[in-house]
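Protein chains in written order, with the numbering used here: chain A, 1261 to 1673; chain B, 1261 to 1673.
The structure appears right after this line, and notes come after that.
Number of protein chains: 2
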Amino acid sequence: MAERGKQTVRDLRRGSRSTLLQRLYFEGPLSRQELGQISGLSAGSVSNVIGELLADGLVEECGSVESDGGRPRILLQVPPERAHLVGVDVGETQVRVALFDLGLTELAASDHPLSDCGHDSDHVVELILTGLAEVLHATGTDPDTVLGVGVGVPGIVEQGDPGTDGLGIVVHSQTVDWDAVPLGRMLRAGTDLPLYVDNGAKTLGQAEMWFGAGRGARHAVVALFGSGVGACVIAEGARFRGATSSAGEWGHTKVHVGGRLCRCGSRGCLEAYVGAEALVERWGRAPAGSSEKAGLAALLAAAEAGEQDAVDLLAEAAEYFGAAIADLINLFNPERIVIGGWAGLMLGPRLLPAIRDAATAYALRFPRAQTSIDLGLLGPDAVTVGAATLPLWHFLQSGGELPARLSAAAATG
Amino acid sequence: MAERGKQTVRDLRRGSRSTLLQRLYFEGPLSRQELGQISGLSAGSVSNVIGELLADGLVEECGSVESDGGRPRILLQVPPERAHLVGVDVGETQVRVALFDLGLTELAASDHPLSDCGHDSDHVVELILTGLAEVLHATGTDPDTVLGVGVGVPGIVEQGDPGTDGLGIVVHSQTVDWDAVPLGRMLRAGTDLPLYVDNGAKTLGQAEMWFGAGRGARHAVVALFGSGVGACVIAEGARFRGATSSAGEWGHTKVHVGGRLCRCGSRGCLEAYVGAEALVERWGRAPAGSSEKAGLAALLAAAEAGEQDAVDLLAEAAEYFGAAIADLINLFNPERIVIGGWAGLMLGPRLLPAIRDAATAYALRFPRAQTSIDLGLLGPDAVTVGAATLPLWHFLQSGGELPARLSAAAATG
DNA sequence: AGGGCTTTCTTCAGGCCGTGATTTAACGTG
DNA sequence: CACGTTAAATCACGGCCTGAAGAAAGCCCT
Chain A
1261 MAERGKQTVR
1271 DLRRGSRSTL
1281 LQRLYFEGPL
1291 SRQELGQISG
1301 LSAGSVSNVI
1311 GELLADGLVE
1321 ECGSVESDGG
1331 RPRILLQVPP
1341 ERAHLVGVDV
1351 GETQVRVALF
1361 DLGLTELAAS
1371 DHPLSDCGHD
1381 SDHVVELILT
1391 GLAEVLHATG
1401 TDPDTVLGVG
1411 VGVPGIVEQG
1421 DPGTDGLGIV
1431 VHSQTVDWDA
1441 VPLGRMLRAG
1451 TDLPLYVDNG
1461 AKTLGQAEMW
1471 FGAGRGARHA
1481 VVALFGSGVG
1491 ACVIAEGARF
1501 RGATSSAGEW
1511 GHTKVHVGGR
1521 LCRCGSRGCL
1531 EAYVGAEALV
1541 ERWGRAPAGS
1551 SEKAGLAALL
1561 AAAEAGEQDA
1571 VDLLAEAAEY
1581 FGAAIADLIN
1591 LFNPERIVIG
1601 GWAGLMLGPR
1611 LLPAIRDAAT
1621 AYALRFPRAQ
1631 TSIDLGLLGP
1641 DAVTVGAATL
1651 PLWHFLQSGG
1661 ELPARLSAAA
1671 ATG
Chain B
1261 MAERGKQTVR
1271 DLRRGSRSTL
1281 LQRLYFEGPL
1291 SRQELGQISG
1301 LSAGSVSNVI
1311 GELLADGLVE
1321 ECGSVESDGG
1331 RPRILLQVPP
1341 ERAHLVGVDV
1351 GETQVRVALF
1361 DLGLTELAAS
1371 DHPLSDCGHD
1381 SDHVVELILT
1391 GLAEVLHATG
1401 TDPDTVLGVG
1411 VGVPGIVEQG
1421 DPGTDGLGIV
1431 VHSQTVDWDA
1441 VPLGRMLRAG
1451 TDLPLYVDNG
1461 AKTLGQAEMW
1471 FGAGRGARHA
1481 VVALFGSGVG
1491 ACVIAEGARF
1501 RGATSSAGEW
1511 GHTKVHVGGR
1521 LCRCGSRGCL
1531 EAYVGAEALV
1541 ERWGRAPAGS
1551 SEKAGLAALL
1561 AAAEAGEQDA
1571 VDLLAEAAEY
1581 FGAAIADLIN
1591 LFNPERIVIG
1601 GWAGLMLGPR
1611 LLPAIRDAAT
1621 AYALRFPRAQ
1631 TSIDLGLLGP
1641 DAVTVGAATL
1651 PLWHFLQSGG
1661 ELPARLSAAA
1671 ATG
């Protein structure tokens, strides 16, 4: 078990590059000195590896800091403009494509509504490719500087064999009626850029982990509360994927065997009790024809105004949600739970205390005591950011691997 | 995230040793040739590393195989008698200590009932140390040849800082009323051997993964059904521990929020519906004063005889169990689910089809299709075997690290 | 019996890697 | 302007894995 195959002496260098690059990326300008301290590498190796990264243009010097009477420390950072990333959000109502620099600053975005043709997969692919072309053209960005395109989709994503250039990526989604859509192959027909696809909720969770309330945690669960509910599990600092990357399908966890019918066809799912869709439907008093978001806002307003049935409904939702979070705590033993998603952010301020109490009541004492439960910091627009972290993660993990043409440019840029 | 710290060129060798040792251990006699094929190492490296392992006595030659007209292949194996392991099961009714050789053949065992003094921790520690001395004495085993002592206990085990020689190990158990018992320190006072402690259900799961129905799976969940219920989660071939090693507390997952009162104090836990204790109590017709095991056997017999309330109770248990397995499938996305534990093995043949059906009904289609659900192969006595895998795992993982004195003996043994 | 063939295993040069000591660089202070 | 101090660069050294070349150990055919 767990044999991790052969390792050549060259992998060491990749590892060192990756470590240093990650530290610089996340912990912002640092000197070689500090880098040595926190990475455990010797000063010699740090100098050596940083030299390489400087030559590749993946790191640049940025000012210096005096050092108590000695030679000043030179600060280093990853130059944000060195490369670009694309994040795509295939949402319920629109396809959003955004272009970022390495620092994940949004440089351009393109939105296309999905009203007419629904989620026909050909149409979605076309919109993604159009949007991609648009953001590149609008900013005059050379496609060779794009590290990759990350796509967040609804449903379950089968990653296929790695190393096949994304060709094996297949998407299954009951909600938008995609059955084994070969998204990888379809997109590959329209672009040469490296492709990364994952569930949209998972990419949102990833964003929350990197830049939101999850920062710094190595074991965490981001509980996403939107129209439905889902979760993104992080263990040892990395996405927990399971055998076929579908781990974390929390919305269809049973909280009441034999209970309410869920849109997945089963009964008693969490989502049938606390998803925004379920809540609005159960309340039944939202203005006819209003959007789900407006409906939930109306429910919240009613509860704030003291209407008993709204108050009760939300209290019940908080209990179910907290109980289901207790399951997450018992099963995954995270150090932090982050509640995100648009509905989570909308209801969170009101429900958080009740959710915490329910989690305490339903979880085992010991793991509950190790876990904090907090609200997320990012809105649903962070799905594109999260999607862009997919190629970024690959980049950092590989120690700064660049597409051939970009690498040729080296430090001359 | 996921920086894995520095790696020196020496770690490569440790990795190679570990890989080869593991392959030889699990895939049984192999030639250098085959070893090179499956490990990906070059023939030169294999020869080199195996030479080292031979000199350390961790590997021995055992016969040869003709090779179609060429030089015959020399087969290699890990010599079972090279070292010993101790596994301890702190159970509900007794403390069992067993001595194994490297091949996990049981050489001696010692049982001490726990009837009188209950689970007083001092008493348990005393029994463990006595049993340890007994098995060593009975077989005339030199303590220096023992790689370590693995202990399976009820409750949650806090591992403490690694590298502190097990001193930080603390056990919390609501069922036997242990609150922060410093088992590591207590045992350390009576022995110098390396100590490893984990939850008993988890060690049973480990045994099932290594030598039972879980063999070969890299992502699996062993669902343990005994007096209560628990789970051992394996991801990427290794125990999924979570932040403080308490992950996998499945028994207190909610299947019915606000439902039956559980012995943990909460309501609606799985264990309140399908644990042997709960089933016997709910049936209410077991002969007074009989053991839990006898009670469950009586319930099963009644159901086989067609008594309606027994049939219904078991059918309901299968549905809850299956639904909770569906949760495991949705959340962990394993490739295999193994149902073990004494109650699981007793009821399994009757309930398995219903459990599978319930899991199918309650889980999402895609991950369910990737998962097989089968019965375990090992009885509860495998807890000691599982406990012994704890030091064994360390041994294999470290590439065959030996205690100082044993290593001095080298291949002379 | 002996040479040739096949296959397995060992040996060895070559290219890299990280370490740790030593040098060099760059800055304040007296 | 020399001196002390701290940061970065350099370099010899011991290790590692690879890949090619060589040695070993059988079989087969003449």
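A virtual CB, placed ideally from N, CA and C, is assigned to each residue, including glycine.
- LEU1484 (chain A) and PHE1581 (chain A) have their C-alpha atoms some 11 Å from each other.
- Looking at A:ALA1449, A:LEU1367 and A:ARG1333, the one whose alpha-carbon comes closest to that of PRO1340 (chain A) is A:LEU1367.
- Judged by DSSP in its simplified three-state form, GLN1568 (chain A) adopts helix.
- ASP1421 (chain A) is not a Cβ neighbour of GLY1391 (chain A), given a cutoff of 9 Å.
- Any Cβ of chain A closer than 9 Å to the Cβ of ASN1308 (chain B) would place that residue at the interface, and such an atom is absent.
- In the DSSP assignment, GLN1337 (chain B) falls within the beta strand (DSSP E) that extends over 1330-1337.
- VAL1571 (chain A) and GLY1497 (chain A) have their C-alpha atoms spaced approximately 38 Å apart.
- The contact set of GLU1531 (chain A) on chain B, defined by CB atoms closer than 8 Å, is empty, because the minimum CB distance reaches about 11 Å.
- Under the three-pair Cβ rule at 8 Å, the stretch 1404-1422 of chain A counts as touching the stretch 1437-1457 of chain A.
- Per DSSP, the unbroken alpha helix (DSSP H) holding VAL1385 (chain A) starts and ends at 1381-1399.
- Going by beta carbons, PRO1663 (chain B) and VAL1481 (chain B) fall outside the 9 Å limit.
- When Cβ-Cβ separations below 9 Å define contact, ASN1590 (chain A) makes contact with chain B.
- With at least 16 other beta carbons inside 10 angstroms of its own, CYS1529 (chain A) counts as buried.
- Proximity to GLY1363 (chain B) across B:GLY1460, B:VAL1534 and B:GLY1288 peaks at B:GLY1288, based on C-alpha coordinates.
- Unbroken beta strand (DSSP E) runs of no fewer than 3 residues, entirely contained in the stretch 1393-1458 of chain B, are found at 1406-1413, 1416-1418, 1430-1433 and 1438-1441, following chain order.
- Any Cβ of chain B closer than 9 Å to the Cβ of VAL1384 (chain A) would place that residue at the interface, and such an atom is absent.
- By the criterion of a C-beta distance shorter than 6 Å, TYR1622 (chain A) is surrounded in its chain by ALA1583 and ALA1586, once the five residues flanking it on both sides are discounted.
- Residue contact check for THR1365 (chain B) against chain A: no CB pair falls below 9 Å.
- When secondary structure is reduced to three states using DSSP, SER1324 (chain B) falls in the strand class.
- Counting only the Cα atoms, PHE1655 (chain A) lies some 20 Å from ASN1308 (chain A).
- Comparing alpha carbon positions, the residue from B:GLN1657, B:ARG1342 and B:ARG1596 closest to SER1632 (chain B) is B:ARG1596.
- Listed as beta-bridge partners of VAL1481 (chain A) by DSSP are A:VAL1493 and A:ILE1597.
- Pairing ARG1448 (chain A) with SER1506 (chain A), the inter-Cα distance amounts to about 23 Å.
- Against chain A, the CB of SER1375 (chain B) has no partner CB under 9 Å away; the residue lies outside that interface.
- In this structure, ALA1577 (chain B) and VAL1534 (chain B) form a Cβ contact; the two beta carbons are roughly 5 Å apart against a cut-off of 8 Å.
- From the beta-carbon of LEU1290 (chain B), no residue of chain A is found nearer than 9 Å; the closest lies around 13 Å away.
- Of the residues A:VAL1319, A:PRO1403, A:GLY1311 and A:LEU1387, the one whose Cα lies closest to the Cα of PHE1360 (chain A) is A:PRO1403.
- Annotated three-state conformation of ALA1548 (chain B) is coil, per DSSP.
- Among the residues of chain A, none has a CB under 9 Å from the CB of SER1632 (chain B); the nearest is roughly 11 Å distant.
- For the pair of segments examined, the stretch 1603-1617 of chain A was found not to touch the stretch 1513-1520 of chain A: the number of CB pairs separated by less than 8 Å stays below three.
- Scanning its chain for C-beta atoms nearer than 7 Å, with the 5 sequence neighbours on each side dropped, one finds around GLU1531 (chain A) the residues GLY1488, VAL1489, GLY1511, HIS1512, CYS1522 and ALA1538, in chain order.
- For the stretch 1518-1529 of chain A, the set of positions with a beta-carbon nearer than 7 Å to some beta-carbon of chain B reads CYS1524 and SER1526 in chain order.
- For the pair LEU1638 (chain B) and GLY1600 (chain B), the CB atoms are nearer than the 9 Å cut-off.
- Under the three-state reduction of DSSP output, SER1370 (chain A) falls in the strand class.
- Straight-line spacing of the CA atoms in LEU1407 (chain A) and GLY1426 (chain B) works out to 45 Å.
- Per DSSP, ASP1316 (chain A) is not a residue of any alpha helix (DSSP H), being assigned neither H nor E.
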